Amino acid sequence: MKIGVIGTGYVGLVSGTCFADSGNDVICVDIDEKKVEKMRNGEVPIYEPGLNRVFDRSIREKRLSFTTDLEDTFQKSDIIFLCLPTPPGADGQADLSFVLNVADQLGDLFNKYPDYKVVVNKSTVPVGTADKVREKIAAKTDTEFDVVSNPEFLREGAAVEDFMYPERVVVGTRSEKAAKMMKTLYEPFVRSGNPIIIMDERSSELTKYAANAMLATKITFMNEIANICERVGANVDNVRRGIGTDSRIGKRFLFAGIGYGGSCFPKDVQAIHHTAGQHGYDFKILDSVMKVNESQKVSIVEKMKKHYGDSLKGKTVGVWGLSFKPETDDIREAPSLYITDALGKLGVKMKAYDPEAIETFKEAATEDALNNIEFASDRDAVLDGVDALVICTEWNEFRRPDLENFTKLMKEPVLFDGRNLYDLERAEEAGITYISVGRPSVNA
Ligand code: UDX
């Protein structure tokens, strides 16, 4: 099939590349000339495991190309994906100006080249956006076209795998013609039998928000269970195993920690809460989810205050991990931003390391954090001479260090682990003071 992808951000680039890999001809269009030039030269503008390989292959086999020319892309495509930014607007609702502006241009192009095409919304957009896009285009043309909602469920760090082997594909359209084209497009990705679920546009748009809000709620619920564990002397790992084996609950997304972050959960929870409010419904559970997550992000600082009292000021603390989760350099809404800000404000000096996210962190961190932080070139260099270590991200290289190193390299082997990486018994044997989330403290 001939596919046009408008917008080469995270979603557009991954989708375009993976569609090309499954044999389609894909043109990606972006207004950023420099970025287009770079991609033409084979440079992938984001860090995403596995993307480079598929990207290089698709370019080499001439199925993937990049341009700034929307008109040419339009003419050559049967399906046009809108993968445009929808940043949170001032009122907490997603800003649709990029999407509607492009829809307006598409209206003119449909008029000029009157062939049937399908326009697909892939960005996360408020319920009702497909209707708005349809109205914008229809205002300019009588040409037959369809607008489809097709939300993505990609996880950063596993986006290529998620795209290639989706557990489900959701397609929102009431047009049989468009549904047939979308099925043809996605069938190669669901050969294992996973479903392509066709529904109306509004349900499809809401599905994306419901999925992310449910997952954020699941995590938050476990974070609250962890907070109770700490108070009653229970261990959240045991509780997690105890409930996760119930297939109605499921094993995944039950890991307590220092709160969810990233570009999706915080934004989408806020957006669906806002949409509900606009329609006169108070989505109470999400109110609590947002409040609990905010305090969870700095819960580790509260633990440090409790452990050290006034002597926390003036300490030097190591920080392992800055990105909001492993395998990405994405720092958006990362707990590390809040933790380093709070520690900086308390007059704590910090030494930090992350395998990918130091540069992005520098762009996003607060002054209070940056004025008090220096960066180390590797994991162990952080430990050298620090009074304590805070673990913010569960990168693999932090999972299996020689626990003796903490005793050897740090001034005091005191660990505040926001990701529950180590076994309590091993920490005890190694003589480490180990304070984690929802589990009994060790040697504290
Ligand atoms: C998420 C959704 O998973 C994806 O389907 C959607 O399209 C975009 O949003 P992503 O933001 O990449 O993907 O990250 P994900 O792996 O889902 O983790 C989100 C956050 O939850 C992270 O901050 C992570 O640390 C946290 N988390 C996840 C937990 O705290 N505990 C868990 O058990 C799982």
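Residue numbers (our numbering): 8 to 451.
Even for Gly, the Cβ is constructed at its ideal location relative to N, Cα and C.
Computed from a predicted structure; not experimentally measured.
- Cβ-Cβ separation, T93 to V43 (assumed contact under 8 Å), whole Å: The pair is not a contact, with the Cβ atoms about 21 Å apart (cut-off 8 Å).
- Message: For I256 and D149, what's the separation of their Cα atoms in angstroms?
- Response: Approximately 49 Å, taken between the alpha carbons.
- Message: If distances are taken between C-alpha atoms only, which option among D424, L396 and G284 comes closest to K322?
- Response: L396
- Identify, in the order they occur along the chain, each residue of the same chain with its Cβ nearer than 7 Å to the Cβ of T227, setting aside the five sequence neighbours on each side. Here the set comprises V296, V299 and N300.
- Message: At a threshold of 7 Å, does F405 count as lining the ligand PLP (C-beta to nearest heavy atom)?
- Response: The ligand PLP is not part of the structure shown, which contains the ligand UDX as its ligands.
- Task: Excluding the 5 residues preceding and the 5 following S306 in the sequence, name in chain order all residues of the same chain whose CB lies nearer than 7 Å to its CB.
- Result: Result list for S306: I265, in chain order.
- Task: Could you check which residue in H286, D169 and N128 has the C-alpha nearest to that of I87?
- Result: N128
- Query: Distance, Cα to Cα, G2 vs Y441?
  - Reply: Past the boundaries of the shown model lies residue 2; the chain is included only from 8 to 451, so the question cannot be answered.
- Item | Cβ contact check for the segment 192-201 and the segment 268-287: 3 or more pairs under 8 Å | no
- Item | Any non-hydrogen atom of the ligand UDX closer than 7 Å to F73 Cβ | no
- Item | Beta-carbon separation (whole angstroms), E432 vs N450, contact threshold 8 Å | About 12 Å; that fails the 8 Å criterion.
- Message: Just checking C399 against the ligand UDX - is the residue's beta carbon closer than 7 Å to any of the ligand's heavy atoms?
- Response: Distances taken from the Cβ of C399 to the heavy atoms of the ligand UDX include none shorter than 7 Å.
- Message: If you measure between the beta carbons of A185 and V125, is that distance less than 8 Å?
- Response: yes
- Task: Determine the contact status of A283 and L329, defining contact as a CB-CB distance below 8 Å.
- Result: no
- Message: Would you call the segment 406-415 in contact with the segment 329-343, where contact means no fewer than 3 C-beta pairs closer than 8 Å?
- Response: no
- Backbone CA spacing between P219 and D98 [nearest angstrom]: The identity of residue 219 in the sequence shown is Asn, whereas the question assumes Pro. The straight-line gap separating the alpha-carbon atoms of N219 and D98 is approximately 20 Å.
- Inter-residue spacing [alpha-carbon to alpha-carbon] between D387 and I203: 47 Å
- Item | Segment limits, beta strand (DSSP E) that includes K467 | The chain is shown only over 8 to 451; residue 467 falls outside these bounds and no answer can be derived.
- So, using beta-carbon positions, are A364 and L344 closer together than 8 Å? Taking the C-beta atoms as reference points, L344 is found no nearer than 8 Å to A364.
- Item | Minimum length 4: unbroken alpha helix (DSSP H) runs contained in the segment 326-398 | 342-352, 365-371, 374-377 and 386-390
- Message: Checking 8 Å against the spacing of the C-beta atoms, do L71 and V167 come in under that value?
- Response: no
- How many Å lie between I53 and V18 at the Cα? 11 Å
- Please list, in chain order, all residues of the same chain as D85 whose beta carbon is under 8 Å from its beta carbon, the five residues on each side excluded. M8, K9, I10, K124, V125 and M188
- Task: With hydrogens ignored, establish whether the beta-carbon of C271 is closer than 7 Å to any heavy atom of the ligand UDX.
- Result: yes
- Task: Please list, in chain order, all residues of the same chain as G14 whose beta carbon is under 6 Å from its beta carbon, the five residues on each side excluded.
- Result: C90 and L91
- Message: Taking a contact to mean a Cβ-Cβ separation below 8 Å, would you say G164 touches P56 in this structure?
- Response: yes
- Heavy atom of the ligand UDX within 7 Å of E301 beta-carbon: Taking the Cβ of E301 as the reference point, every heavy atom of the ligand UDX lies at 7 Å or farther away.
- Task: Using only alpha-carbon positions, find the residue among V176, G200 and Q303 that is nearest to E231.
- Result: Of the listed residues, the one whose Cα sits closest to E231 is Q303.
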